[in-house]
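A.B. asks: Residues 1 to 338, numbered by full-length UniProt numbering, are exactly what the sequence shown covers, in order.
Note that the Cβ used here is the ideal one computed from N, Cα and C, for glycine as well.
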Amino acid sequence: MKAWLYNSTKGGLEKNLVYSPDARTPGSPQGDQLLVRVISAAINPADYKVPAMATVFGKVMIATTPASPGLDFCGRVVAVGPGPSAQQFNPGQLVFGCLGIPRQFGTLGELILASANNTAPLPSGVDPDAAATIGVAGRSSYQSIVPYISTPGKVFINGGSGGCGVYGIQFAKLLGCHVTVTCSTRNIQFCRDLGADEVIDYTTQDVLEVLKSQGQVYDHAVDHIGSPEGLYQQSHTFLKPGKAFVQVGAPATTIAHRLIRPSFLGGGQRKYVALFMKNDQHELVQIADWIREGKIRVELDTVYEFEDTVRAFEKLRSGRTRGKIVIHVTDGLDSEAA
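Now the structure itself:
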């Protein structure tokens, strides 16, 4: 099969990607596995961060190499395993989902083995490119917001224009909340169009001072950035007592510092949750249904063809994406792909 492969993460995963037109295939599905031909793959910072963090003395420990990066996918089932969950799917069926953790056969290879329990049928009317974005960004945003909102209130989202932020604004609005976000000047209207009620321009305003001036009015806070440095430590000045501060994206050192620094030594006085996304098939289905119903829209920054995968990762790493980046892996919608 065709695939992008890496053996090392030294200097950045994308600098080590090599295209192979005849890479090894993953073999037949076992148990509750599905063999899927990938149509579209969305890429996420986790695709390069996790393998890099799992590299010890130059060896990638989290996946057998050479490996293909990529977790999110939409594709067509080629074969099903003998397990009961896999038997609920049929060869030729369009599906989408997430591999959960980096694997040897990632979604930037033509064929993957996906768990049937982390895969869902593609609803009619939902584009494969849109469905491919749900696995990591959609569910991370869902898990950072939906379980914490019992009644409509005020939600603060730090980083509103990235892949998770775009979903987060819309989920919070769907729950009836007033939403305040941060973004750069060029993305203000973009965030407002998604439903943001208030936008703090971090390029011209002091985010923490703006929040402090509003008082303890927020019922929930989600941080996709990890800065400004004192945002969590000072969260008690804008977040109501008993409410949570959820960390979705940030450097590992920032998360560790916020986790271990006690409040009496200047640490935060609100509950701190470092989110580790869980695979949940129900959430895949729910988010796709909201997209099908027009309640949530997917924003694609750029769609790349397979040969431009390295450029796609370079764009992702730039940190200046607005919405999601998707890569076309195969033309799996044609009849021959089944």
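Which value, in whole angstroms, describes the spacing of the CA atoms of L99 and S227?
C.D. replies: Counting from one through the sequence shown, the residue named residue 99 turns up at place 99. Counting from one through the sequence shown, the residue named residue 227 turns up at place 227. Rounded to the nearest angstrom, the two C-alpha atoms are 29 angstroms apart.
A.B. asks: State the DSSP-derived secondary structure class of P121, mapped to helix, strand or coil.
C.D. replies: Here residue 121 refers to the residue found at position 121 of the sequence shown. P121: strand per DSSP, three-state reduction.
A.B. asks: Identify which residue in V303, T9, K243 has its Cα closest to the Cα of V50.
C.D. replies: Locating residue 50 in the sequence shown gives position 50, where the first residue counts as 1. Nearest C-alpha to V50: T9.
A.B. asks: Take T182 and list the residues in its own chain whose beta-carbon comes closer than 8 angstroms to its own, dropping the five residues that flank it on each side.
C.D. replies: Indexing the sequence shown from 1 puts residue 182 at position 182. Counting only Cβ-Cβ distances below 8 angstroms, and skipping sequence neighbours, we find I157, N158, G159, G160, V199, I200, D201, Y202, V207, I225.
A.B. asks: With H, G and I counted as helix, E and B as strand and the rest as coil, what does DSSP make of D47?
C.D. replies: For this step, residue 47 is matched to residue 47 along the sequence shown. Here D47 sits in helix by DSSP.
A.B. asks: Going by the DSSP bridge assignment, what does D72 pair with across the sheet?
C.D. replies: Residue numbering aside, residue 72 sits at position 72 when the sequence shown is read from its first letter. D72 is bridged to C98.
A.B. asks: Please return the same chain residues whose Cβ sits closer than 6 angstroms to the Cβ of G75, not counting the five positions on each side in sequence.
C.D. replies: Taking the sequence shown and counting its residues from 1, the one referred to as residue 75 is at position 75. Excluding positions up to five away in sequence, the list reads V36, R37, V38, I39, G332.
A.B. asks: Within the same chain, show all residues whose beta-carbon is closer than 7 angstroms to that of F171, passing over the 5 residues directly before and after it, in chain order.
C.D. replies: Taking the first residue of the sequence shown as 1, we reach residue 171 at position 171. Only S141, Y142, I145, V146 meet the Cβ criterion.
A.B. asks: Just grab the DSSP bridge partners of A114 for me.
C.D. replies: In the sequence shown, residue 114 corresponds to position 114, counting from 1. Answer is L34.
A.B. asks: How should D193 be labelled, buried or exposed, when 16 other C-beta atoms within 10 angstroms of its C-beta is the threshold for buried?
C.D. replies: Here residue 193 refers to the residue found at position 193 when the sequence shown is read from its first residue. By the neighbour-count rule (16 or more Cβ atoms within 10 Å), D193 is not buried but exposed.
A.B. asks: Below 8 angstroms, how does it come out for the region 86-103 and the region 57-75: are there three or more Cβ pairs, yes or no?
C.D. replies: They touch, by the three-pair rule.
A.B. asks: Leaving out the 5 sequence neighbours to the left and right, which residues in its chain are closer than 7 angstroms to G165 when beta-carbon positions are compared?
C.D. replies: For this step, residue 165 is matched to residue 165 along the sequence shown. Result list for G165: I157, G159, V181, H224, in chain order.
A.B. asks: Report, in whole angstroms, the separation of the C-beta atoms of V126 and R292, which I expect to be a contact under 8 angstroms.
C.D. replies: Your numbering for residue 126 matches position 126 in the sequence shown. Your numbering for residue 292 matches position 292 in the sequence shown. 5 angstroms between Cβ atoms; contact.
A.B. asks: Report the three-state DSSP secondary structure of E305 (helix, strand or coil).
C.D. replies: To locate residue 305, count along the sequence shown from 1; it is residue 305. Looking at E305 - three-state DSSP - the assignment turns out to be strand.
A.B. asks: Alpha carbon to alpha carbon, what distance is there between A120 and L284?
C.D. replies: The count along the sequence shown starts at 1 and reaches residue 284 at position 284. The count along the sequence shown starts at 1 and reaches residue 120 at position 120. Their Cα atoms are separated by approximately 7 angstroms.
A.B. asks: Going by DSSP in three states, Q247 sits in which element: helix, strand or coil?
C.D. replies: Residue 247 sits at position 247 when you count from the first residue of the sequence shown. Looking at Q247 - three-state DSSP - the assignment turns out to be strand.
A.B. asks: I'd like to know whether the C-beta atoms of A67 and P29 end up nearer to each other than 8 angstroms.
C.D. replies: As a working note, residue 67 is residue 67 in the sequence shown. As a working note, residue 29 is residue 29 in the sequence shown. Not in contact: A67 and P29 (Cβ atoms no closer than 8 angstroms).
A.B. asks: Could you give the first and the last residue of the continuous beta strand (DSSP E) run that contains C183?
C.D. replies: The sequence position of residue 183 within the sequence shown is 183, counting from 1. First-last of the beta strand (DSSP E) with C183: 178-183.
A.B. asks: Do L239 and Y272 have their C-beta atoms within less than 8 angstroms of each other?
C.D. replies: Residue numbering aside, residue 239 sits at position 239 when the sequence shown is read from its first letter. Residue numbering aside, residue 272 sits at position 272 when the sequence shown is read from its first letter. Going by C-beta atoms, L239 is not nearer than 8 angstroms to Y272.
A.B. asks: Less than 8 angstroms separating the beta-carbons of G323 and G163?
C.D. replies: Position 323 of the sequence shown, counted from the start, is the residue given in the question as residue 323. Position 163 of the sequence shown, counted from the start, is the residue given in the question as residue 163. In this structure, G163 lies closer than 8 angstroms to G323 by Cβ.
A.B. asks: DSSP state of Y54, grouped into three classes?
C.D. replies: On the sequence shown, residue 54 is found 54 positions in, with the first residue counted as 1. It is Ala, not Tyr, that sits at residue 54 in the sequence shown. Here A54 sits in coil by DSSP.
A.B. asks: Tell me the DSSP bridge mates of N158?
C.D. replies: Here residue 158 is taken as the residue at index 158 of the sequence shown, counted from 1. In DSSP, N158 forms a bridge with D223.
A.B. asks: For Y167, count neighbouring Cβ atoms within 10 angstroms of its own Cβ and tell me buried if that reaches 16, exposed if not.
C.D. replies: Within the sequence shown, residue 167 is the residue found at index 167, counting from 1. Flag for Y167 reads buried.
A.B. asks: What number of angstroms, rounded off, separates the C-alpha of S65 from the C-alpha of G109?
C.D. replies: On the sequence shown, position 65 is the one that residue 65 refers to. On the sequence shown, position 109 is the one that residue 109 refers to. For the record, residue 65 in the displayed sequence is Thr; it is not Ser. Cα to Cα, T65 sits roughly 13 angstroms from G109.
A.B. asks: Out of curiosity, what's the CA-to-CA distance linking K59 and K212?
C.D. replies: Mapped onto the sequence shown, residue 59 falls at position 59. Mapped onto the sequence shown, residue 212 falls at position 212. Taking the straight line from one Cα to the other gives about 45 angstroms.
A.B. asks: What's the gap between the Cα of G319 and the Cα of G249?
C.D. replies: In the sequence shown, the residue the question calls residue 319 occupies position 319. In the sequence shown, the residue the question calls residue 249 occupies position 249. Going by the C-alpha atoms only, they are around 12 angstroms apart.
A.B. asks: Under three-state DSSP, which class holds I149?
C.D. replies: As a first step, residue 149 is located in the sequence shown; it is residue number 149 there, counting from the start. Here I149 sits in coil by DSSP.
A.B. asks: Based on Cα-Cα distance, which residue from V56, T107, T55, I112 lies nearest to V78?
C.D. replies: Taking the sequence shown and counting its residues from 1, the one referred to as residue 78 is at position 78. With distances taken between Cα atoms, V78 lies closest to I112.
A.B. asks: Taking the Cβ atom as the reference point for each residue, do S115 and Q33 lie within a distance shorter than 8 angstroms?
C.D. replies: In the sequence shown, residue 115 corresponds to position 115, counting from 1. In the sequence shown, residue 33 corresponds to position 33, counting from 1. Yes, the pair counts as a contact, with Cβ atoms nearer than the cut-off.
A.B. asks: H282 lies in the alpha helix (DSSP H); which residues open and close that run?
C.D. replies: For the purposes of this step, residue 282 is taken as the residue at position 282 of the sequence shown. 281-292 is the span of the alpha helix (DSSP H), which, as asked, contains H282.
A.B. asks: Hey, could you find the ends of the alpha helix (DSSP H) Y167 is sitting in?
C.D. replies: Translated into the one-based positions of the sequence shown, residue 167 becomes position 167. Taken as a continuous stretch (DSSP letters only), the alpha helix (DSSP H) holding Y167 covers 163-174.
A.B. asks: Going along the chain, which residues of its own chain have a beta-carbon closer than 7 angstroms to the beta-carbon of V179, five neighbours each way excluded?
C.D. replies: Translated into the one-based positions of the sequence shown, residue 179 becomes position 179. For V179, where only same-chain residues beyond five positions count, the Cβ hits under 7 angstroms are V155, I157, I169, A172, K173, G195, A196, D197.
A.B. asks: Which same chain residues end up closer than 8 angstroms to E314 when comparing Cβ atoms and leaving out the 5 residues on each side of it in sequence?
C.D. replies: Taking the sequence shown and counting its residues from 1, the one referred to as residue 314 is at position 314. Cβ neighbours of E314 beyond the five flanking positions: E14.
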